Amino acid sequence: MKEKASITIERSVLAELKRRLPEQSSRSAAIETALRDWLIRLDREERDSRDIAIINRHAAELNAEMEDVLEYQADPFQE
Numbered sequence: 001m002k003e004k005a006s007i008t009i010e011r012s013v014l015a016e017l018k019r020r021l022p023e024q025s026s027r028s029a030a031i032e033t034a035l036r037d038w039l040i041r042l043d044r045e046e047r048d049s050r051d052i053a054i055i056n057r058h059a060a061e062l063n064a065e066m067e068d069v070l071e072y073q074a075d076p077f078q079e
């Protein structure tokens, strides 16, 4: 369900929006799409930040495990 909202936008931004929109397009639809894309980006950044925090908390353990695995690999420079 849509709700009506009143917003104030800098005149130059509105002029650029009007210039770039196809003739039949709605400014409201364009603004809604931009806002939705921004919210999706924020969600992705928050998720990525949480993932990086988890990886960083376990970095020492993961690095030790990787070093252990690498010890079992053959050295291509040795005969």
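Going by the numbering used here, 17 is the number at position 17 of the sequence shown; the sequence numbering is gapless.
Even glycine gets a Cβ: it sits at the ideal position worked out from N, Cα and C.
Note that the structure is a prediction, hence the values are computed from the model and not measured.
Expected contact under 8 Å - CB spacing of residue i and residue j to nearest Å
i	j	result
Leu140	Ala30	Outside the displayed range of the chain (1 to 79) lies residue 140, so it cannot be described from this structure.
Leu17	Arg27	6 Å
Alpha-carbon spacing of residue i relative to residue j, whole angstroms
i	j	result
Gln78	Asp37	53 Å
Leu62	Lys4	51 Å
Asp48	Thr33	22 Å
Open item on the list: To test your reading of the DSSP string, which unbroken alpha helix (DSSP H) runs of 4 or more residues are found completely within the region 9–39?
Closed with: 11–20
TODO: Within the region 47–73, note down every full alpha helix (DSSP H) run reaching 4 residues or more, in order along the chain.
DONE: 59–71
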